[in-house]
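For reference, the structure discussed in these notes is given below.
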Amino acid sequence: MKKIFFGVAAVCAGALMMTTAGCSSSKNVTKIDLAGEWNIVAVNGEKINVDNMPYIGLDVDGKRIYGNAGCNRMMGGLELDSLKPGVIHFTQVGATRMMCPDMDVETKVLGVLDKVNGYVETPEGIALTDADGKTLMNLEKRQLPEYSVNDLAGEWVISTVNGTELEKQENVPFLAFNIEEKRVHGNASCNVVNGGFMQEEGKENSLKFSQMISTMMACPNMDTERLVLEALNKVASFTLDQDKSKLSLLDENGTEVMSLTKNTGEVLSK
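Quick note, the sequence shown lines up with residues 1 to 270 if you use the UniProt record's numbering.
Put into structure tokens, the structure is as follows:
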């Protein structure tokens, strides 16, 4: 009986050692390792080499994704399986609808996101894989550009609202920031708008507009103006691209409600 007992104990101990070794050698990335923003450096094994690299942000706590596919902002849901480490799915992936000269990179990026089923660690970062374990996308940690509200000084032309590109207007919709006075001035496509802005202490990218007022002219089409004013009331933060020429205004959930481009042409403020 003793021999049988020790034999069983030895088998159990061996199994435990094998299990422990297997766990310690696993290359699956833990949940916390995923959080943050990642440059998309390759899709289906093809390296991406462009000035403004596409990137994806993985908001694990918020269960969402965001980022830029190469031209347009993208967003969607994120699902992790707590019982199956290394399993991930993206849901309801969408993107804004601006047209850019080269949409090739964007088409490739958006074309694989709905196929993602897993993730593994790589020497450079993370690989997103399909259900068969084939690498769909290679990611490397993104170094966030340093910016502050001071970088908002000047005029910004409103390009999109809630992901939809604005139609050409007689009056160019824009915002102009006066940093010293913490004031904002602009045009919502028909009426002039004025107001203030503020930030939460300790949050460099927070932004909230206050006491926004507008003139009361009537124009043939007020739809654009209504959308612009509604979006401004939702703004809670902002982001800038790497060369600080494109501004995104985000709501409290981190969803882009307005995108703007730095005005380098004729002065719009009158």
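In this text, a Cβ means the ideal position worked out from N, Cα and C, and glycines have one as well.
Contacts around residue i, its chain only, beta-carbon distance under 8 Å, and the 5 residues preceding and following it disregarded
| i | result |
| --- | --- |
| residue 45 | 135 |
| residue 114 | 90 and 93 |
| residue 254 | 59, 62, 64, 66 and 237 |
| residue 216 | 191 |
| residue 222 | 190 |
| residue 35 | 58, 59, 60 and 61 |
Spatial neighbours of residue i in its chain, beta-carbon cut-off 7 Å, leaving aside the 5 residues before and after
| i | result |
| --- | --- |
| residue 234 | 251 and 257 |
| residue 48 | 40, 41, 42, 54 and 105 |
| residue 171 | 187, 189 and 190 |
Proximity to residue i [Cα-Cα], best of the options
| i | options | result |
| --- | --- | --- |
| residue 266 | 211, 156 and 55 | 156 |
| residue 56 | 137, 165, 198 and 228 | 137 |
| residue 211 | 225, 194 and 204 | 194 |
| residue 213 | 78, 229 and 79 | 229 |
| residue 118 | 84, 221 and 103 | 84 |
| residue 159 | 81, 259 and 38 | 259 |
| residue 79 | 116, 174 and 248 | 116 |
| residue 142 | 38, 122 and 242 | 38 |
| residue 128 | 150, 103 and 87 | 87 |
| residue 146 | 241, 206 and 169 | 241 |
| residue 244 | 263, 74 and 174 | 263 |
| residue 269 | 75, 175, 161 and 121 | 175 |
| residue 52 | 225, 103, 151 and 150 | 103 |
| residue 198 | 76, 168, 133 and 150 | 150 |
Neighbourhood of residue i by C-beta, 6 Å cutoff - its chain only, sequence neighbours within 5 removed
| i | result |
| --- | --- |
| residue 219 | 190 |
| residue 196 | 182, 183, 210 and 211 |
| residue 124 | 140 |
| residue 153 | 177 and 179 |
| residue 130 | 115, 117 and 136 |
| residue 148 | 204 |
| residue 163 | 96 |
| residue 73 | 96 and 256 |
Residue i versus residue j: straight-line alpha-carbon distance, rounded
| i | j | result |
| --- | --- | --- |
| residue 101 | residue 70 | 11 Å |
| residue 98 | residue 246 | 13 Å |
| residue 81 | residue 185 | 47 Å |
| residue 207 | residue 231 | 13 Å |
| residue 24 | residue 166 | Confidence is the limiting factor: at residue 24 the pLDDT is only 36, short of 50, which leaves the residue's position unreliable, though a coordinate-based value still follows. When rounded, the distance between both Cα atoms is 53 Å. |
| residue 33 | residue 168 | 44 Å |
| residue 224 | residue 249 | 17 Å |
Closer than 7 Å to chain C by CB, residue i
| i | result |
| --- | --- |
| residue 39 | Checking the listed chains, one finds no chain C in this structure; it contains a single protein chain. |
For residue i, three-class secondary structure by DSSP
| i | result |
| --- | --- |
| residue 194 | strand |
| residue 263 | coil |
| residue 218 | coil |
| residue 171 | coil |
| residue 26 | Note that residue 26 scores 40 on pLDDT, short of 50, meaning its location in the model is unreliable and no value can be drawn from it. |
| residue 107 | helix |
beta-carbon residue i near the ligand MG non-hydrogen atom, thresh 6 Å
| i | result |
| --- | --- |
| residue 136 | Of the ligands one can find in the structure shown there are none, so the ligand MG has no counterpart to examine. |
| Three or more C-beta pairs below 8 Å linking the region 102 to 122 and the region 69 to 85 | As far as the Cβ criterion goes, the region 102 to 122 touches the region 69 to 85, which means the pair count is three or higher.
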